[in-house]
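The numbering used here numbers the first residue of the sequence shown as 27 and each following residue consecutively.
The block underneath contains the structure these notes are about, expressed in structure tokens.
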Amino acid sequence: MNDLELVTPAPGVPEVRLTLLAVPSTVVLARELVRYALTNWGFTREAINDATLVMSEIVTNAVTAAPGHQIRLRCALYEGAPLLECWDPSPELPTLGPPDLMAENGRGLSIISAYAKQSGTRPSATGEGKIVWVRMPA
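Right, here's the structure in full:
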């Protein structure tokens with residue numbers, strides 16, 4: 027089940043949420059969510075492209091960690107900067123390992139750290155799974 031929700035939790039604090047199935051094609055929808063939100067919030071093309079790349083990496087990790095399960099995406103503004111989040115039901119945290127130049131994957135966290143102002147993980151409020159979050163530059 028896919029579910030899009032446009033919300034404003036507090037005056038002047040817009041956010042967009044999307045619930046998706048953790049399958050590879052979800053990454054495309056995640057990029058479009060970020061593109062839609064940041065375009066409407068007036069960000070530059072460069073900022074939008076950077077944020078869509080970062081969200082792609084976050085969601086790819088979630089699809090790998092919890093294939094076939096629901097994941098929840100959130101794109102919001104935090105102190106004027108994009109905040110990207112992805113919840114998945116897996117308790118395993120993403121780990122940064124040494125890059126294998128011949129591997130097709132394993133560079134996601136390096137890409138995220140290259141573009142992010144801050145990033146991290148936290149347990150979900152329900153105690154099930156985790157949220158990976160990234161605060162982009164303003």
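By construction, the Cβ of each residue, glycine as well, lies at the ideal position given by its N, Cα and C atoms.
Since the structure is predicted, the reported quantities are computational estimates derived from the model, not experimental observations.
Just mark residue i as buried or exposed, buried being the case when its beta carbon has 16 or more other beta carbons within 10 Å.
| i | result |
| --- | --- |
| Leu44 | buried |
| Gly68 | exposed |
| Pro117 | exposed |
| Leu59 | buried |
| Ala164 | exposed |
| Gly94 | exposed |
| Arg71 | exposed |
| Pro120 | buried |
| Glu105 | exposed |
| Ala91 | buried |
| Val80 | buried |
| Ala140 | exposed |
In this structure, how does DSSP classify residue i when only helix, strand and coil are distinguished?
| i | result |
| --- | --- |
| Val49 | coil |
| Glu58 | helix |
| Ser145 | strand |
Pull up the CB-CB distance for residue i and residue j, whole angstroms please, since I reckon it's below 8 Å.
| i | j | result |
| --- | --- | --- |
| Thr52 | Val89 | 6 Å |
| Thr147 | Ile157 | 7 Å |
Quickly, what does DSSP pair residue i with across the bridge? List them, please.
| i | result |
| --- | --- |
| Glu111 | Arg100, Trp159 |
| Thr78 | Thr78 pairs with nothing; no bridge assigned. |
At the level of alpha carbons, what is the spacing between residue i and residue j?
| i | j | result |
| --- | --- | --- |
| Thr86 | Trp159 | 14 Å |
| Thr152 | Arg98 | 13 Å |
| Leu109 | Leu55 | 17 Å |
| Ser82 | Val42 | 16 Å |
| Arg57 | Leu135 | 17 Å |
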